[in-house]
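A.B. asks: Pasting a structure here, questions to come.
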Amino acid sequence: MSANSLIAARRRDALAAYLFLAPFGLIYITFLVYPLFKGLWISLHDWELAGSYREYIGFLNYEDLWTDTIFWKAVGNTLTFVAMTVPTMTALALVLALAVFGQGRLKGVLRSIFFMSSVFSVSVVTLVWSMVLSADNGLLVPFFHFIGMKPVNFLGHPTLAMPSIALTTLWWGVGLPMALFLAALSQIPGELYEAAELDHASRFTVLRRITLPSIRHTVLLVLVLQIVGQFQIFGQAHLMTQGGPANRTRTLVQYIYETSFRDWQVGYATAMSFGLFLLMLGFTMLQLWLGRKGDE
Amino acid sequence: MHKTKTLQRLALATALMTTLWGGSAHAVDISFFRFFGDCKTEFGDVTDMAKANGECGIITALTNKFNAENTIGAKVVTQTVDWGAYYDLLTATYSTGNIPDVAVMHASVMPNFSDRDLLTPLTKPMADLGIDTADFVPAALKNASAKGEVYALPYDLHALLFHVNMDLMKKAGLVNADGSPILPKSPEELLEQGKKFKEVTGKYYIGSESQSSEGMMVRVFDTLTWQQGVDVLSADGKTASISTPEGLNAAKLISSLYSEGLVNSALDYPGSEQAFLNGETGILINGTWGVDNYDTQAKSGKVALKDYRVANVPQIYSKPAVWADSHMWVIPKDDGRSAEKTEAALAFLKFLNDNNFQWSRTGHLSVRQSVLNSEEFKALPHRAEFADTTKNATALPQIQNQRAVYNAMTTDLNAMWLTGTDPQTAVDAMQAGVERILRRNR
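What follows is the structure, given as structure tokens:
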């Protein structure tokens, strides 16, 4: 084959490759790259949601953000929420997965039950939990009366409101990570367990030496998904506490939503979104870096 | 084979039917965006206004009646939106493009829209339709106008009221000789009477929404501040007077109502209504919108509340005043709207205006002088008990971003009983939060 025809063949291959990539590339550019830069552009403006008011103001939105006490409070609340939910969600999902992994009708039924709550919409979940937690006629009120206590107003309590939202989120979201862990557990070769049995390894040793190392990548995946997901907490706080009491549960996405949809300040809200983006990027990178370090 | 032929015939028939049906259908559908709840199951077929009650029932029946009776072939298609998300969704339609043809709007929210030219001007269309703007009470017409142009059809004036359980008040000895409830005339009396009520009946004197959602107590705070002769927000919307001696007085009074255990702090909005109907609270502080509902329930004999009465929010300080707002109908501006749709939307507004009396049956105060003067309005239950509310009604000035102001105040006012902040801290935080919003207003 001559050099010329080789080049031509290569070109054809490249063209084919680009053609195959085109649909994905197009969607990626339209729905991710373009909005990202458009967002950056909007954040440099005083840009209103309705009407046509747009004024270029440079980095003023970011300067405002720096001194906005509610924004920083929302950042703090969001971090608290992430710290409450991500580790517990991951651990709980793993424990549930280990408990219901394997054959048996009961395990099958339990798997469905644990996963079922994830299919509900956020409005249903928050409605159910608001009914449970209400201090007026909630499910727990008779219990409090029984032990002779005044019912606790969970969602109106300064320190208990956020854990209540975290609890709701755990109940709602544990199904998917559990399913991921179940899938990972089924991938572990049975010979490893047989070998361990021959060596009379204890159940704890099996868990520590075989199970956990084998599903390490899934743990990492779950952690990253959870971080990305929980940083965007919105519906639960918006519907259960409206950010109260005294801004104790106002989260970043909720504040972004209020700023853009209630106050119409899309420019300012977009600047906040970039703050959230950086925060999530930072934590995800840290997580991946820690995970990779373990691989070496 | 035979089966296929039958199916083919069926398909053809269906297609023909659809075409014929489509041809004879209403000339024009208009979309109608509102809150007030969804009650299609109960009132979906009702066109007889006498059979409808409550906000949701009456507006649903009015819509049905218009659809059944109008001669221009218009059909109103209702989209109900949950109250909490209503304005967010309405605003979003300006970006997404499915702008409704008729929408409900609070007077307090209108400046956001009218200042940006997002509403259809109605001065000329109203005159053409024969809607007499001179019949509107001046405050309502002012609410609906901006820069000399009318942008909305005012529909009611709604205000805060005291809804009273008279059986409990009698038990507590808080009844006048004429059968009306004894209500406080000073801050001291409010606390005294509350304590007396609690001692005798063992129930809560006041039951009102106290969580972070509705901000019922913000309306009480505004009322108490106005009653001391101080404007919560200045008329030009540039300054707030919340962290003032008068604001502090109001906050202290509200705070002590909770700390003395006279108000149930665990109630959300539906809970507060339920507790009142269950006979667990003496006074429910809620708006005019509840009157018809509570009256109907009390008369039904199915709830513990039997002897229901309404009262004006009493004058506790030097001046009479009570928080008020107004529901109005607007035609959101949409350059793509056809002339037929605009005509149908205007016809619907005219119909609603003609039936303003029906809406005032909910408990809201009518904005039409002719309705207020009518015998049928005066004959409505309990109206004499809160006749002064029209006179005392006070609203925040027509400025932008009132929802943000309201939410900022709710968060820090409710913190007094939810998180235990002291009144001074609360008014300072409210002042700071509100100023931050006012600064952004253009």
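Going down the list, the sequences are from chains A and B.
In terms of my numbering, the first sequence is residues 1 to 296.
In terms of my numbering, the second sequence is residues 1001 to 1442.
Ideal Cβ placement from N, Cα and C applies to all residues, glycine included.
Since we're looking at a predicted model, the values are computed, not measured.
Determine, for A1025(B), whether the minimum Cβ-Cβ distance to residues of chain A falls below 8 Å.
C.D. replies: In this prediction, A1025(B) has a pLDDT of 49, which is less than 50 and means its spatial position is unreliable; nothing more can be read from the coordinates.
A.B. asks: Taking L176(A) as the reference, give the member of F146(A), R111(A), K38(A) and A237(A) with the closest Cα.
C.D. replies: When F146(A), R111(A), K38(A) and A237(A) are compared, the shortest CA-CA separation from L176(A) is found for R111(A).
A.B. asks: Any idea what DSSP makes of T1394(B), helix, strand or coil?
C.D. replies: When DSSP states are grouped into helix, strand and coil, T1394(B) belongs to the strand group.
A.B. asks: Under three-state DSSP, which class holds T90(A)?
C.D. replies: Three-state DSSP puts T90(A) in a helix.
A.B. asks: Could you tell me whether the Cβ atoms of T251(A) and A237(A) are closer together than 8 Å?
C.D. replies: A distance below 8 Å separates the beta carbons of T251(A) and A237(A).
A.B. asks: Go through the stretch 1324-1402 of chain B residue by residue and report every complete run of the alpha helix (DSSP H) that reaches 4 residues or more, in order.
C.D. replies: Those alpha helix (DSSP H) runs which fall completely within the stretch 1324-1402 of chain B and span 4+ residues are 1339-1354, 1356-1360, 1369-1373, 1375-1378 and 1388-1392.
A.B. asks: Give the secondary structure of N1264(B) by DSSP, where H, G and I count as helix, E and B as strand, and everything else as coil.
C.D. replies: It is coil, neither helix nor strand.
A.B. asks: Since W1226(B) contacts A1321(B) with CB under 8 Å, what's their CB separation in whole angstroms?
C.D. replies: 4 Å
A.B. asks: What does A1277(B) touch in chain A if you count any residue whose Cβ is under 9 Å from its own?
C.D. replies: Residue 1277(B) is actually Leu in this sequence, not Ala. Under the 9 Å cutoff, chain A gives no residues; its nearest Cβ is about 13 Å from L1277(B).
A.B. asks: If F1348(B) and F1066(B) are in contact, beta carbons under 8 Å, what's the gap, nearest whole angstrom?
C.D. replies: 6 Å
A.B. asks: Give the interface partners of R1418(B) over in chain A, defined as CB-CB distance under 8 Å, in chain order.
C.D. replies: Checking the sequence shown, residue 1418(B) turns out to be Leu, not Arg. Chain A residues near L1418(B): N153, G156, H157, P158, G244, P245 and A246.
A.B. asks: Can you name the residues of chain B whose CB is closer than 9 Å to the CB of Y53(A)?
C.D. replies: R1116 and R1442
A.B. asks: Name the two residues that bound the continuous beta strand (DSSP E) containing Q1079(B).
C.D. replies: A1074 to T1080
A.B. asks: Measuring straight from C-alpha to C-alpha, what distance separates Q1228(B) and A1266(B)?
C.D. replies: 29 Å
A.B. asks: Consider the Cβ of L49(A): report whether some Cβ of chain B lies at a distance smaller than 8 Å.
C.D. replies: yes
A.B. asks: Anything in chain A within Cβ reach of I1403(B), meaning under 7 Å, just list it in chain order.
C.D. replies: The sequence shown places Arg at residue 1403(B), rather than the Ile named in the question. Per Cβ cutoff of 7 Å: R262.
A.B. asks: Please list, in chain order, all residues of the same chain as P1381(B) whose beta carbon is under 6 Å from its beta carbon, the five residues on each side excluded.
C.D. replies: D1295
A.B. asks: Would you mind listing the beta strand (DSSP E) stretches within the stretch 1154-1239 of chain B that are 3+ residues and don't spill past its ends, in chain order?
C.D. replies: Counting whole runs of 3 or more residues, the stretch 1154-1239 of chain B contains the beta strand (DSSP E) stretches 1158-1165 and 1204-1207.
A.B. asks: The beta strand (DSSP E) spanning L223(A) covers which residue range?
C.D. replies: Careful: L223(A) lies outside any beta strand (DSSP E), inside the alpha helix (DSSP H) at R216 to F231.
A.B. asks: Consider the Cβ of S1213(B): report whether some Cβ of chain A lies at a distance smaller than 8 Å.
C.D. replies: yes
A.B. asks: From the beta carbon of S1370(B), is the nearest beta carbon of chain A less than 8 Å away?
C.D. replies: Taking 8 Å as the threshold, the shortest C-beta distance from S1370(B) to chain A does not fall below it.
A.B. asks: Beta-carbon within less than 7 Å of S214(A)'s beta-carbon, same chain only, minus the 5 sequence neighbours each way: which residues are those?
C.D. replies: I188
A.B. asks: Within 10 angstroms of its Cβ, does H217(A) collect 16 or more other Cβ (buried), or is it exposed?
C.D. replies: exposed
A.B. asks: Would you say L1119(B) faces chain A, with C-beta separation under 8 Å as the test?
C.D. replies: no
A.B. asks: How would you write the range of the beta strand (DSSP E) that E55(A) sits in, first residue to last?
C.D. replies: In the DSSP assignment, E55(A) falls within the beta strand (DSSP E) that extends over R54 to Y56.
A.B. asks: Can you list the alpha helix (DSSP H) stretches of 4 or more residues lying completely in the stretch 1087-1168 of chain B, in chain order?
C.D. replies: Note on the stretch 1087-1168 of chain B: whole alpha helix (DSSP H) runs with a minimum of 4 residues are 1110-1114, 1123-1129 and 1138-1143, in chain order.
A.B. asks: Under three-state DSSP, which class holds N1441(B)?
C.D. replies: coil
A.B. asks: Have a look at L1233(B) and T270(A) and give me their C-alpha separation to the nearest angstrom.
C.D. replies: 29 Å
A.B. asks: Are the Cβ atoms of N1053(B) and D1307(B) separated by less than 8 Å?
C.D. replies: no
A.B. asks: Among the residues of its own chain, which have a CB less than 8 Å from the CB of F1470(B), if the five just before and after it don't count?
C.D. replies: Not covered by the structure: residue 1470(B). The range shown for chain B is 1001 to 1442.
A.B. asks: Restricting to Cα atoms, I'd like to know which of P1314(B), G1130(B), H1158(B) and A1074(B) is closest to A1139(B).
C.D. replies: H1158(B)
A.B. asks: Which runs of the alpha helix (DSSP H), 4 residues or longer, sit entirely within the stretch 12-88 of chain A?
C.D. replies: 34-42 and 60-67
A.B. asks: Measure how close the beta-carbons of T1078(B) and T1063(B) come, nearest whole angstrom, since I'm counting them as under 8 Å.
C.D. replies: 6 Å
A.B. asks: Just to confirm my understanding: we take V1303(B), look at its own chain, exclude 5 residues before and 5 after, and list those with CB closer than 6 Å. What are they?
C.D. replies: L1277 and Q1297
A.B. asks: Out of curiosity, what's the CA-to-CA distance linking S1212(B) and R1116(B)?
C.D. replies: 30 Å
A.B. asks: Considering only C-alpha positions, which residue in the set D136(A), T284(A), P158(A) and G76(A) is nearest to K150(A)?
C.D. replies: D136(A)
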